[in-house]
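Report on the following structure.
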Amino acid sequence: MTTEIEYPALFLKRGEDARLKQGHVWVFSNEVDTARSPLNEFEPGERVAIVDASGRLIGLGYINPHALICARLLVRGAEHGIDRSLISHRLNVAASLRAMQYDEPYHRLVFGESDGLPGLVIDRFGPVLVGQIGTLGMEQLKPEIEAAIQKTLKPEVLVWKNQGSVRQLENLPEYVEVAIGSLPTTVIAREHGVDYAIDVEHGQKTGFFYDQRDNRGSLARLVDGKRVLDLFSYVGAWGLAAARFGASEVLAVDVSDAAVERVRANADRNGFADRVRAESADAFEFLKHLRQQRERFDVVIVDPPAFSKRKKDFAEARLAYRRINEMAMQVLARDGLLVSCSCSYHMPYSELISQINQGARHLDRQALVLKRLQQSADHPVVPAIPETEYLKGALLRVLPS
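Right, here's the structure in full:
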């Protein structure tokens, strides 16, 4: 078998192969030599051989000729085709990496490009796997993915939570589907000794955000006996972790009534109901209220959804990060701790810190970075793919000037 014959060739323009050869896996539509390989001649989602301008094979991938990122590389060279065997191997490698790091099966199992499976995310909640497919090429491979998952991971349940803006970019329908087993009434995410009942079908993403696991663990030595404010709390992962580590009082705030009810239920589930309170409110407005009431907290956690999902939103997002952090510092007790994060890829760490510092100086305070925060180890970063590093943040002490 010669894979070059089986897969039609996608030729790149001269010089447009450098990023791929350095380790990236995306091909943009303006990098394709459309004279040699017209995009309209490819079937959406089909497998292709990606070739440089001189005719040398770079590797194998899949294509969506109608998307800005028109192809993604899955295999370098042509020793292996794109099939169930390849996916099984990648799943085994991904599972092995997580087994080295975590004692229990609660983590992100597959993180797209970082695990050699671009367009695929899988979170593990004990016996339940929740997957998300974000690209047409992976959608076409769905039967092979399901068979590989069944063979290598043997889950009791596999749910596809195929929703979100990434699918819209590829003109894919949105749906939730149970592919293996039946979805139990309660799905649990376990972290730092806390059990979180999550809503797989209607919750955000897969129902839980494992990417902050390691950062939440950093609260262990800092919150004992402290009063903690958890803003943008979602299911209460930060706040309940603080309660687990000894916080005397936790106030969780989220704009979603459903999320707030889940915080309360999870607090009760873990025996923290006497120390955890949850309120449904806009974080900006609630901070105004707290300031007017002269409320003070020893620790304030600011972990908002992405303010900057697109590059063109950057200027507006920068102001939002400055404003929310400045307002958070206004309800901090003297010498309090601020945890501030951004999951916006377009917001660099240096800019986030700059905005926090500007807010502190406006209040005549000094912010000291005690620890730089990043995504957890089950979300590994590929140095050649900067897009795999999206989460950043800091643990800061805020002092009077």
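Per my numbering, residue 2 is the first one in the sequence shown, and the count goes up by one each step. Ideal Cβ placement from N, Cα and C applies to all residues, glycine included.
Open item on the list: On the criterion of 16 or more Cβ atoms from any shown chain inside 10 Å, does residue 101 qualify as buried, or is it exposed?
Closed with: Exposed: under 16 other Cβ atoms inside 10 Å.
Open item on the list: Tell me the residue span of the beta strand (DSSP E) that contains residue 363.
Closed with: Residue 363 -> not in any beta strand (DSSP E); alpha helix (DSSP H) instead, spanning 350-363.
Open item on the list: So, under 8 angstroms CB-CB, residue 398 and residue 371 are touching, yes? Tell me the CB distance rounded to an integer number of Å.
Closed with: With 8 angstroms as the limit, residue 398 and residue 371 qualify as a contact, their Cβ atoms being about 6 angstroms apart.
Task: Three-state secondary structure (DSSP) of residue 170 - done: Helix.
Task: Three-way DSSP call (helix, strand, coil) for residue 285 in this model - done: DSSP places residue 285 in helix when its eight states are reduced to three.
Open item on the list: Going by beta-carbon coordinates alone, are residue 127 and residue 121 separated by less than 8 angstroms?
Closed with: For residue 127 and residue 121, no; Cβs fall outside 8 angstroms.
- [ ] Decide yes or no for the touch test of the segment 171-188 against the segment 291-299: beta carbon pairs closer than 8 angstroms, at least 3 of them.
- [x] Because the criterion of three Cβ pairs below 8 angstroms is not met, the segment 171-188 and the segment 291-299 do not touch.
Open item on the list: Using C-beta distances below 6 angstroms, list every residue in its chain close to residue 201, excluding the 5 sequence neighbours before and after it, in chain order.
Closed with: Within the same chain, and ignoring the five residues on either side of residue 201 in sequence, the residues whose Cβ sits closer than 6 angstroms to its Cβ are 131, 160, 188 and 208.
TODO: Report yes if the C-beta distance between residue 22 and residue 59 is below 8 angstroms; otherwise report no.
DONE: Residue 59 is positioned such that its CB atom lies closer than 8 angstroms to that of residue 22.
- [ ] Put residue 279 into one of helix, strand or coil per three-state DSSP.
- [x] The three-state secondary structure of residue 279, taken from DSSP, is strand.
Open item on the list: Looking at the secondary structure, which residues open and close the beta strand (DSSP E) in which residue 144 lies?
Closed with: Element bounds for residue 144: not the beta strand (DSSP E) but the alpha helix (DSSP H), 143-153.
Task: Which residues DSSP lists as bridging residue 108, in chain order - done: Answer by DSSP bridge pairing, in chain order: 125.
Task: Euclidean distance between Cα positions of residue 348 and residue 169 - done: When rounded, the distance between both Cα atoms is 23 angstroms.
- [ ] Run the CB neighbour count on residue 6, radius 10 Å, all protein chains shown included, and call it buried at 16 or more, exposed below.
- [x] For residue 6, the predicted structure reports a pLDDT of 49, less than 50, and the residue's modelled location is therefore unreliable. The matter cannot be settled from this model.
Task: Cβ-Cβ distance between residue 325 and residue 303 below 8 angstroms - done: Going by C-beta atoms, residue 325 is nearer than 8 angstroms to residue 303.
Open item on the list: If I follow the unbroken alpha helix (DSSP H) through residue 343, where does it start and stop?
Closed with: For residue 343, there is no enclosing alpha helix (DSSP H); the residue is found in the beta strand (DSSP E) stretching over 333-343.
Task: Closest residue to residue 171 among 70, 355, 270 and 235 (Cα-Cα distance) - done: Checking every option, the nearest Cα to that of residue 171 belongs to 70.
TODO: Please report how far the alpha carbon of residue 4 lies from the alpha carbon of residue 157, in whole angstroms.
DONE: Confidence at residue 4 is low in this model, with a pLDDT of 41, below 50, so its placement is unreliable and no value can be given for it.
Task: Three-state secondary structure assigned by DSSP to residue 17 - done: Here DSSP, grouped into helix, strand and coil, assigns residue 17 to coil.
Task: C-beta contact flag for residue 288 and residue 260 at 8 angstroms - done: Against a cut-off of 8 angstroms, the Cβ pair of residue 260 and residue 288 comes out as no contact.
TODO: In angstroms with no decimal places, state the Cα-to-Cα distance between residue 2 and residue 104.
DONE: Interpretation of residue 2 is limited by its pLDDT of 32, a score under 50 that renders its predicted location unreliable; no figure is taken from the coordinates.
TODO: From the DSSP output, read off the bridge partner residues of residue 346.
DONE: Bridge partners of residue 346: none, in fact.
Open item on the list: I need the DSSP call for residue 315, collapsed to helix, strand or coil.
Closed with: Note: residue 315 maps to helix in three-state DSSP.
TODO: Return the first residue and the last residue of the beta strand (DSSP E) that residue 70 is part of.
DONE: Residue 70 -> beta strand (DSSP E) spans 70-77.
Open item on the list: Using CA atoms only, rank isn't needed, just tell me which of 129, 125, 118 and 38 is closest to residue 136.
Closed with: The shortest C-alpha to C-alpha distance from residue 136 to any of 129, 125, 118 and 38 is the one to 118.
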